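This report refers to the structure that appears directly beneath it.
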Amino acid sequence: MKKSKVLIIYTGGTIGMVQDVDSGSLKPFSFSSIAKQIPELKKFNCSIKAVSFKEPIDSSNMNPSHWVEMASVIEKNYAKYDGFVILHGSDTMAYS
19 MKKSKVLIIY
29 TGGTIGMVQD
39 VDSGSLKPFS
49 FSSIAKQIPE
59 LKKFNCSIKA
69 VSFKEPIDSS
79 NMNPSHWVEM
89 ASVIEKNYAK
99 YDGFVILHGS
109 DTMAYS
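Numbering (this note's numbering), first residue to last: 19 to 114.
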């Protein structure tokens, strides 16, 4: 059976942050190696790839132009993937 393909789209938010060991502050982690960073994902029978917005967005600053950008990423990749997961902060979750 063919593995489903899932694209994770990271726009910003704490869900994509890790603690910097030197400063203790939060910084975005690289979603390009998400399977290495979250080995539990291997339990799912799917192929997972990830893309990130160039600059992570504080969700309190998210606006319709960002929603258009999310939709554009999905549109450009629609034929290549079976599903999409959008990760963003919780401040504007109800709107997207």
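Beta carbons: idealized from backbone N, C-alpha and C, even for Gly. Predicted model only: the values in this text are computed from it and were never measured.
With a cut-off of 8 Å on Cβ pairs, the region 81-90 is not in contact with the region 55-65, counting fewer than three such pairs. If you ignore the 5 residues before and after Q37, its C-beta comes within less than 7 Å of the C-beta of L44, all in its own chain and listed in chain order.
Minimum Cα-Cα distance from D109 among the listed residues K20, T32 and F102 corresponds to T32. Annotation for M80: no beta strand (DSSP E) segment contains it, and DSSP assigns it neither H nor E. Less than 8 Å separates the beta-carbon of S77 from that of G107. Rounded to whole angstroms, the Cβ separation of V24 and V103 is 6 Å, and the two are in contact under 8 Å.
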